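Visitor: Next up is a structure, given as structure tokens.
Printed below as a string of structure tokens:
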């Protein structure tokens, strides 16, 4: 329980000297700081006070770390230390939590002016950590909401009001509310009964203030019930357990208190209370330590260490470093779209590891951030790795996710979603799929399988991982596997393991229950033992490995790849030039051949035309000669007189009597035989000439057809020979061709 100032033992020479100086000079409490400035809450006096320097903080942080190492945390009293640094702790909380707007009040009397300001300025919501001031050593949280019905004030007491200091703080808070004279103000005290130790009220109050901000909707329900007078002035744990979510009880110090809450709220049994996905029971079991023959939880003491380390980072300039690193990461675009080469991927991972050392929460947000298409850091790396780039990039990414999950900054569901595909045929590349296909027998793959095995420590996560691994994926091309069709993770691993066995990786998956029994892989490596596959131990070591080893190696490999691609391009260009020259020569030869053929055809046509003309002229000459000879050979036609009487009477002349009847008729001239012979000769010659002309023209046409057929056959043979000569050279220029490989 919280003690008064007279009961608290001196645990720090620094804080004791501070208190003695304050008393000796007659000053008021030196820790009084006006922290009401909106958003920033700067401690103006504290900034100039030597007690807030880095040396003092380092000394106190060393004491906290030493107490956790040697087990003295259970007896140490850190209440004065928390009161001394509370203004800076509140300031740091406001820097890290947007919209928290937490204000630190040294004593309840200061709440009078704050309440008047809330009513005057109509401020809808405010949040405070209030201490007892000179009246004692205790802290609590005030959450204020203003609506049309009035102002509701909820006092979250980490312990119970039975102790003197908590009761005094609640009483003085009521006095401060009454002194403000603000109407329609109702205050309700909530006894959470989380604190069982005597000096952790400050850290509990800081923790509760953040949870009240995060669970704003649930707290709004309590404020409405308070204004409706459905809540009593003091609400005990029996009622509170049914109203608050499980995250409020993650640091509960009593085992029976935790059991009472889970009994009152059974749904909280399976609720995750941190980014690791742990339930209340799992977290309590992890933080229980044997002290003095019994088990005690040091969860809230670990919380104090985390708060002071965060404060140390803000004092040594880590905030400026984190801001610079965030600007550097912003240059890669949404979802790391700017990662288009292995060197840029190594630089992004190095920046992210450095940011994780300074601000792991921000680094975790960047690590799983997605763009509008769902792509993220791991998917960008998967696109590079499946092309055969260095597996060290995948190993570094897996190490980063492992560290962020180990420290509670990433939940196991977030890590699983980042490493594995979301659905069948997912357009977003899967890092696990790419690493298994491109670099199966490697330490990077073993590290990946070890991380998946560590994540699968409960049935729900195990089933989810198996479901994602069983989904068929498309769009991957792994040259060494000769596998370009769709395949799920198990089929891909079976093909890769057949070529290059990796029994360690399969043993890790099988022993974690991540290989279904109906899969052939479940029968592989039955005798293999899963060996632990370690990665980087912390963010600094990971950043050093990326900066000193991985990034230079990736740059050299990328430069060699670029040089090889340039040489290949030059070879391809030279080969194309050679082919172009050969094609040009062949085109010239073909043109010359076509020209010669055309010339020959024209000559043949001219000869044919000349023969045809000569034959025609000969025919005409023969015809003219025959025509000229025909009148000379043919005798003149003889006209025979016919008696008129015969013509008139119609009787033949022989019927006429008289002396002329006995006279012989003159002989008729006969056509000479030579004339008939000349006509026959002429007709025969004419027929011979026609036959000659026809045969000559037919022979001409057949000769031209033979020439054309021979030309076409030569052309086809030339094309076939050219294709046979060009095929080996072109096949050697292909990326997988034998020519360039030799």
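In our numbering, the protein residues as written are 771 to 1512.
Quick reminder that beta carbons are idealized off the backbone N, C-alpha and C, glycines included.
Just so it is clear, the structure is predicted and the values come from calculations on it, not from any experiment.
1. Going by the beta-carbon positions, is the gap between residue 765 and residue 974 smaller than 8 angstroms?
2. Does the distance from the CB of residue 874 to the CB of residue 857 come in under 8 angstroms?
3. Could you tell me whether the segment 930-949 touches the segment 906-916, where touching means 3 or more Cβ pairs closer than 8 angstroms?
4. When you compare the CB of residue 903 with every CB in chain D, is at least one pair closer than 8 angstroms?
5. If you reduce the DSSP assignment to three classes, tell me which class residue 1043 lands in.
6. From residue 1355 to residue 1101, what distance separates their C-alpha atoms?
7. Decide yes or no for the touch test of the segment 949-958 against the segment 1049-1057: beta carbon pairs closer than 8 angstroms, at least 3 of them.
8. Beta carbon of residue 958, beta carbon of residue 924: below 8 angstroms?
9. In angstroms, rounded to a whole number, what distance separates the CA positions of residue 1241 and residue 1194?
10. Quick one: what's got a C-beta closer than 8 angstroms to residue 1107's C-beta in the same chain, skipping five residues either side?
11. So residue 887 packs on residue 870, CB below 8 angstroms; how close in whole Å?
12. Just curious, the alpha helix (DSSP H) that residue 948 is in, first and last residue?
13. Note down, one range per segment and in chain order, each alpha helix (DSSP H) of at least 4 residues found wholly within the segment 985-1058.
14. With a threshold of 8 angstroms on Cβ separation, who are the neighbours of residue 1127 within its own chain once the five nearest residues in sequence on each side are excluded?
15. Starting from residue 1195 and walking both ways along the alpha helix (DSSP H), at which residues does that stretch end?
16. In angstroms with no decimal places, state the Cα-to-Cα distance between residue 1391 and residue 1450.
17. Might you give, ordered along the chain, the residues of its own chain that have their beta carbon closer than 8 angstroms to the beta carbon of residue 1239, omitting 5 neighbours on each side?
18. Are the segment 1153-1172 and the segment 1031-1040 touching by the rule of at least three beta carbon pairs closer than 8 angstroms?
19. Count the CB pairs spanning the segment 1377-1391 and the segment 1481-1496 that are closer than 8 angstroms, and state whether there are at least three.
20. Is it the case that the segment 1217-1232 contacts the segment 1267-1285, given that we only count it when at least three CB pairs across the two stretches are under 8 angstroms?
21. What residue range is occupied by the uninterrupted alpha helix (DSSP H) comprising residue 1547?
22. Taking 8 angstroms as the threshold, find out whether the segment 1176-1186 comes into contact with the segment 1039-1046 through three or more Cβ pairs.
23. What does residue 925 pair with, by DSSP beta-bridge criteria?
24. What is the rounded straight-line gap between the Cα of residue 1199 and the Cα of residue 1012?
25. Please list the terminal residues of the continuous alpha helix (DSSP H) segment that includes residue 1547.
26. Under 8 angstroms by Cβ, that's how I've got residue 1154 and residue 1115 pegged, so tell me the actual separation to the nearest angstrom.
27. Give me the Cα-Cα distance between residue 795 and residue 1008, rounded to the nearest whole angstrom.
28. Under the three-state reduction of DSSP, which class applies to residue 1248: helix, strand or coil?
29. Could you check whether residue 1130 and residue 1098 sit closer than 8 angstroms to each other, using their CB atoms as the reference points?
30. Looking only at DSSP bridge pairs, what is residue 1452 linked to?
31. Tell me the residue span of the beta strand (DSSP E) that contains residue 881.
32. Taking the straight line between their C-alpha atoms, what separation do you get for residue 1230 and residue 981?
33. Please report the Cβ distance between residue 1473 and residue 1385, rounded to the nearest whole angstrom; I am assuming they are in contact, meaning their Cβ atoms lie under 8 angstroms.
34. Figure out for me which residue from 849, 1469, 892 has the closest Cα to the Cα of residue 906.
35. Throw me the rounded Cβ distance for the residue 976 and residue 1077 pair, which I believe falls under 8 angstroms.
36. By DSSP's criteria, residue 873 is part of a beta bridge. Which residues make up the other side?
Guide: Reading it off the structure:
1. The requested residue 765 is not part of the displayed model; the chain covers only 771 to 1512.
2. Yes, they are a contact pair.
3. yes
4. Here there is only one protein chain, and chain D is not present.
5. coil
6. 53 angstroms
7. no
8. yes
9. 5 angstroms
10. 1141, 1145, 1150
11. Not a contact, Cβ separation roughly 18 angstroms.
12. 934-950
13. Taking 4 residues as the shortest admissible run, the segment 985-1058 contains the following complete alpha helix (DSSP H) segments, listed from N- to C-terminal end: 986-997, 1007-1010, 1025-1034, 1050-1057.
14. These residues qualify, in order along the chain: 1308, 1309, 1310, 1313.
15. Here residue 1195 belongs to no alpha helix (DSSP H), and DSSP marks it neither H nor E.
16. 17 angstroms
17. 1190, 1202, 1258, 1259, 1260, 1284
18. no
19. no
20. With the cut-off at 8 angstroms, the segment 1267-1285 and the segment 1217-1232 touch.
21. Residue 1547 lies beyond the range of the chain shown here (771 to 1512); nothing can be said about it.
22. yes
23. 912, 959
24. Roughly 44 angstroms separates the two Cα atoms.
25. Here the chain covers residues 771 to 1512 and nothing more, so residue 1547 does not appear.
26. Here residue 1154 really is in contact with residue 1115; their C-beta atoms are around 6 angstroms apart, less than 8 angstroms.
27. In this prediction, residue 795 has a pLDDT of 31, which is less than 50 and means its spatial position is unreliable; nothing more can be read from the coordinates.
28. strand
29. no
30. Paired residues: none, contrary to the question.
31. Looking at the DSSP string, residue 881 is not in any beta strand (DSSP E); the run it does join, the alpha helix (DSSP H), is 881-891.
32. When the Cα atoms are used, residue 1230 and residue 981 turn out to be separated by approximately 27 angstroms.
33. So it is not a contact: roughly 17 angstroms between Cβ atoms.
34. 849
35. 6 angstroms
36. 898
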